[in-house]
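First the structure, in the form of structure tokens, and then the observations on it.
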Amino acid sequence: MDNARLLLFCFESGPERERKHVREVRDCSGISLESLGDECSSDADCQTGLSCFSCSEAFDGLRCIRSTTTNQFEFMNSLPFNRYAYLTTHNSVANEVEPLHTGIRLTFLNQEDNVTQQLNNGVRALMLDTYDFKGDIWLCHSFGGRCHDYTAFWLAIDTLKEVEAFLSGNPSEIVTLFLEDYVETPNGLSKVFKDAGLMKYWFPVSSMPQNGQDWPLVKDMVASNQRFVVFTSAKSKQESEGIAYQWNYVVENHYGDVGEHPGECSNRGESAPLNDKTKSLVLINHFHSIAFKVMACEDNSASLISMLDTCHGRSGNRWANFVAVDYYKRSDGGGVFQAVDKLNGQLLCGCDDVHSCVPGSSSATCSATKDQ
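With numbering that gives the first Met the number 0, letter number 279 in the sequence shown gets 278, and the count goes up by one each step, no holes.
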């Protein structure tokens, strides 16, 4: 499909939110795609929503590729939380921006920009590893259940304050955390959430569905200000701290190299089988065991779409709600943003692109808004 031939329905900003037809290469989040794929020397050469990156596996030099998402809630916010897809960053805090806090760091990085930048670019779920370290709760990318000076990133409260600032400044957005949780301090996690000011947004375990039922409607979650969803890998904390045990609610495919075989999609060991529909949410990982930008560029392109199609079948014909990647801005063009558009299109209206869904519709309706 030629991007220059898109015809999209968008909403004006402001209280009247008046619909208009726009015959230009711009999605409903204001992303301009006119220069997608053009050669560039810096981000300044690319239009809104695009960045200048290399992808040696696909092209020489630098080109403008997508770097922000489409806001699916602008199309429809009247569906349950589990009827949407959310871009997820793997090891979100293991990024190139965070300064050193404990001296030398000898661990792999997985992202290029910090958590605030990720959220501003449309990431809506973060994967974080939490540890007891130096008498506090830290975010680390470590091994053996212990954090070390050379695997530590920074205090958990600092990242959580970034999340709080985003939720405060974006009152219609929802953020989800997936915690690989090694914290043993009693009530350590709940205290750091409270200290970060996040409890006022907390989505309670008591409101989470059982036996595969739908989640609350997004518009109701927003209206009640319950816009912060947290899952932990520590089973005991659902009872002791009110933090949802992930495997009661989510199925997930295998991560890393084991999960990267074309045509295959199997559940990770802790997860129920992917086709277990007593869990309402589906999380699909698509990244290698060791992150490299050049590899992420390939992973986040055609192979990602192929993986999502494969996992759809393995998950009982359910599309992923969360898609987790490394170096989320790296691709050969539309990347993870196009993949999430596909997921939201399928979840919202049964189309391969969310831009084919009728904005504001209360039903799953496709529009004939793309020229053939």
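The C-beta atom is built at its ideal place from N, Cα and C for all residues, glycine as well.
Every value quoted in this text rests on a predicted model; they were computed, and no experiment measured them.
Look up residue i in the DSSP assignment and say whether it is helix, strand or coil.
{"i": "M207", "result": "coil"}
{"i": "R62", "result": "strand"}
{"i": "F380", "result": "An answer regarding residue 380 cannot be provided, because it is not within the stretch 0 to 371 covered by the chain."}
{"i": "A57", "result": "coil"}
{"i": "F52", "result": "strand"}
{"i": "L86", "result": "strand"}
{"i": "T115", "result": "helix"}
{"i": "L178", "result": "strand"}
{"i": "R145", "result": "strand"}
{"i": "C310", "result": "helix"}
{"i": "E15", "result": "Residue confidence for E15 is low, a pLDDT of 33 falling below 50, so the modelled location carries little weight and cannot support an answer."}
{"i": "C365", "result": "strand"}
{"i": "K328", "result": "coil"}
{"i": "V24", "result": "Summary for V24: the model assigns pLDDT 41, below 50, so the residue's position carries little reliability, and this model does not support an answer."}
{"i": "E183", "result": "coil"}
{"i": "T101", "result": "coil"}
{"i": "S167", "result": "helix"}
{"i": "S288", "result": "coil"}
{"i": "D340", "result": "helix"}
{"i": "D351", "result": "coil"}
{"i": "F72", "result": "helix"}
{"i": "T158", "result": "helix"}
{"i": "S189", "result": "helix"}
{"i": "A301", "result": "helix"}
{"i": "G334", "result": "helix"}
{"i": "A195", "result": "coil"}
In the DSSP output, what is residue i paired with across the bridge?
{"i": "D135", "result": "F132"}
{"i": "I283", "result": "V322"}
{"i": "Q110", "result": "N94"}
{"i": "W153", "result": "L138"}
{"i": "E238", "result": "DSSP output for E238 lists no bridge partner at all."}
{"i": "W201", "result": "F227"}
{"i": "Y244", "result": "T231"}
{"i": "A43", "result": "Note: A43 sits in no beta bridge, so no partner."}
{"i": "A124", "result": "T87, T175"}
{"i": "E38", "result": "R62"}
{"i": "P79", "result": "L216"}
{"i": "C356", "result": "C365"}
For residue i and residue j, which I take to be in contact (beta-carbon distance under 8 Å), what is that distance rounded to the nearest angstrom?
{"i": "L282", "j": "V229", "result": "Their Cβ separation, rounded to whole angstroms, is 14 Å, which puts L282 and V229 out of contact at 8 Å."}
{"i": "N274", "j": "R313", "result": "7 Å"}
{"i": "T67", "j": "N109", "result": "With a Cβ gap of about 19 Å, T67 and N109 do not count as contacting."}
{"i": "R82", "j": "L35", "result": "That pair is no contact at about 28 Å."}
{"i": "Y248", "j": "K292", "result": "Incorrect: roughly 33 Å between the Cβ atoms, too far for contact."}
{"i": "F227", "j": "L197", "result": "6 Å"}
{"i": "A124", "j": "T175", "result": "4 Å"}
{"i": "P358", "j": "F74", "result": "5 Å"}
{"i": "V250", "j": "S265", "result": "Contact flag wrong, Cβ pair sits at about 11 Å."}
{"i": "C63", "j": "L86", "result": "At roughly 19 Å, the Cβ-Cβ gap does not stay under 8 Å, so C63 and L86 are not in contact."}
{"i": "D59", "j": "C51", "result": "At roughly 14 Å, the Cβ-Cβ gap does not stay under 8 Å, so D59 and C51 are not in contact."}
{"i": "S158", "j": "V114", "result": "A small fix is needed here, since residue 158 is Thr in this sequence, not Ser. Between V114 and T158 the Cβ distance is about 5 Å, and since that is below 8 Å, they are a contact."}
{"i": "D112", "j": "N90", "result": "About 13 Å; that fails the 8 Å criterion."}
{"i": "K160", "j": "A195", "result": "5 Å"}
Check whether the Cβ of residue i lies closer than 7 Å to any heavy atom of the ligand PLP, and answer yes or no.
{"i": "A233", "result": "As for the ligand PLP, it is missing from this structure, which has no ligand bound."}
Tell me, please, whether the region 342–351 touches the region 123–133 by the rule of three or more beta-carbon pairs shorter than 8 Å. no
Scan the region 247–284 and note each continuous beta strand (DSSP E) run of 3 residues or more that stays entirely inside, going in chain order. 249–251, 280–284
If contact is defined by three or more beta carbon pairs under 8 Å, each pair taking one atom from either stretch, is the region 138–153 in contact with the region 100–108? yes
With three or more C-beta pairs closer than 8 Å as the rule, is the region 219–235 touching the region 169–188? yes
Counting pairs of beta carbons, one from the region 47–64 and one from the region 309–324, are three or more of them closer than 8 Å? no
Count the CB pairs spanning the region 153–170 and the region 204–215 that are closer than 8 Å, and state whether there are at least three. no
Is there contact here, the region 251–270 with the region 282–291, by at least three beta-carbon pairs under 8 Å? yes
Answer yes if the region 296–310 comes into contact with the region 328–343, meaning at least three C-beta pairs across the two stretches below 8 Å, and no otherwise. yes
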